[in-house]
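Data first, discussion second: the structure below is written as structure tokens.
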Ligand code: PLP
């Protein structure tokens, strides 16, 4: 049974852990267990490597439930325990079992990090206390004077950390219209060190050609970073399209139940991983074990939820497109989306976020949103329950008004996150909102 790889199988392995314990990656760069691969005899090492290869062949749904999550050896608990501990007893100074202090490492977090890495098909995963802590840690790869080229349509909090935090430390940020990859190349200067992407973008749901922009980044030796929160690895795997680093707000679809704040980074680049792992510990934006457990539990049903989210979103996008009180619908799954073909070429599904513009003013839009009962008026997205929000007043208020206006985030612009309730009930709810416009 291959999955026992991730916990000690028997006393022999427990002894290995006591002897040479370390959480560092094996030679292929993959963290395979709670013990260092090199400490195993050669024959055993070959067997472990074989098991990893087979694990990598597992399908998405299976990995989400099993990778990093083998039954706990002491009791047989089927779920990864919540290791609610800050520290770990050492037999003699330095002789520990792979964990010294929970900011540095915690077994519940290790399980989550391994599972996230496998779902994004990357080598290394790092979990954080929030999406913003993950984003901040990626920015720790840069130094004063470096420049980031990014999209002109970004999550407001990402724009805020760029402009209101890291600009003060001497980083520079430029924003380009992201649907034409050439715009990124044109913006590159000697100072540029990183390209930062979101696709679908938030909240305009533009699609960035990941293969093309990753190629430009490689050509200019830049770090390419992609926030995959909206699509999730179920629908899009940026690392396989050439991107260096993926970030997530696990608060959203990965956690999936609106009950936890979390973030993650996945990469296959050892150098970037080691620096970010160092910063994870040095800066300390780590998630608690309970939060790691909640995200892990969310991951187990990610594939099932994403299918349902998308099925509902497609129906609602079509309903909105036909509605006489709707001026415009933005959803990459619609044929009318200007980049529908590109989306279909780099995504396995179109997700559950829809933006639309009402044929109304701010007062009418507020009435529409206040009337909804199933669509909760709340920031965030990606939970099982449907949410609606007003980007200009809520999530994107940190963008200056002239920037919002130039992008088309008007006062009658609405973003919804379609949940997995019955779609007919959701459509009835939207109808009641329209009746008030
Ligand atoms: N990235 C995207 C695309 C988001 O939508 C969000 C939050 O809404 C974040 C990052 C930040 O994540 P968190 O709220 O978990 O810090």
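Numbering (the working numbering), first residue to last: 443 to 879.
Beta carbons are placed, not taken as given, at the ideal position from N, Cα and C, and that holds for glycine.
Under the three-state reduction of DSSP, residue 730 is assigned to coil, being neither helix nor strand.
Distances from the alpha-carbon of residue 749 to those of 674, 520, 797 put 674 closest. Under the three-state reduction of DSSP, residue 671 is assigned to coil, being neither helix nor strand.
In this structure, residue 704 lies near residue 571, with their beta-carbon atoms less than 9 Å apart. Assignment of residue 552 by DSSP, reduced to helix, strand and coil, places it in the helix class. When secondary structure is reduced to three states using DSSP, residue 838 falls in the coil class, being assigned neither helix nor strand. Runs of beta strand (DSSP E) with 3 or more residues, each lying fully within the segment 633 to 686, are found at 634 to 640, 665 to 669, listed in chain order. The DSSP-derived three-state label of residue 608 is helix.
In this structure, DSSP gives residue 531 a state outside helix and strand, which the three-state scheme calls coil. Using a 10 angstroms sphere on the CB of residue 692, the tally of other CB atoms reaches 16 or more, which defines it as buried. Residue range 598 to 602 is occupied by the alpha helix (DSSP H) that includes residue 598. Note on residue 611: under 16 other CB atoms within 10 angstroms of its CB, so exposed under the neighbour-count rule. Under the three-state reduction of DSSP, residue 739 is assigned to helix. For residue 720, the enclosing alpha helix (DSSP H) stretches over residues 712 to 725. Below 8 Å, enough C-beta pairs join the segment 583 to 598 and the segment 638 to 649 to call them touching: three or more. Excluding its 5 nearest sequence neighbours in each direction, residue 557 has C-beta neighbours in its own chain below 8 Å: 505, 506, 509, 510, 511, 567, 738, 741, listed in chain order. DSSP, read as helix, strand or coil, puts residue 510 in coil. For residue 877, the enclosing alpha helix (DSSP H) covers residues 865 to 877.
The DSSP-derived three-state label of residue 782 is helix.
The continuous stretches of alpha helix (DSSP H) do not include residue 771, which lies in the beta strand (DSSP E) extending over residues 768 to 772. For residue 732, the CB stays at least 8 Å from every heavy atom of the ligand PLP.
With three or more CB-CB distances shorter than 8 Å, the segment 805 to 821 counts as touching the segment 831 to 845. Between residue 672 and residue 849, the C-beta spacing is not below 9 Å.
The nearest non-hydrogen atom of the ligand PLP is 8 Å or more from the C-beta of residue 608. The Cβ-Cβ distance between residue 878 and residue 809 falls below 9 Å. Cβ atoms of residue 595 and residue 784 stay farther apart than 8 Å, at about 15 Å. The continuous alpha helix (DSSP H) containing residue 763 extends over residues 744 to 764.
Going by DSSP, residue 810 is part of the alpha helix (DSSP H) stretching over 804 to 813. Per DSSP, reduced to three states, the secondary structure at residue 776 is coil, with no helix or strand assignment.
Collapsing the DSSP output to three states places residue 846 in a helix. Per the coordinates, the alpha-carbon of residue 715 lies some 45 Å from the alpha-carbon of residue 769.
Straight across, the Cα-Cα distance linking residue 752 with residue 576 is about 26 Å. For residue 573, there is no enclosing beta strand (DSSP E); the residue is found in the alpha helix (DSSP H) stretching over 573 to 581.
When DSSP states are grouped into helix, strand and coil, residue 787 belongs to the helix group. Per the coordinates, the alpha-carbon of residue 516 lies some 14 Å from the alpha-carbon of residue 539.
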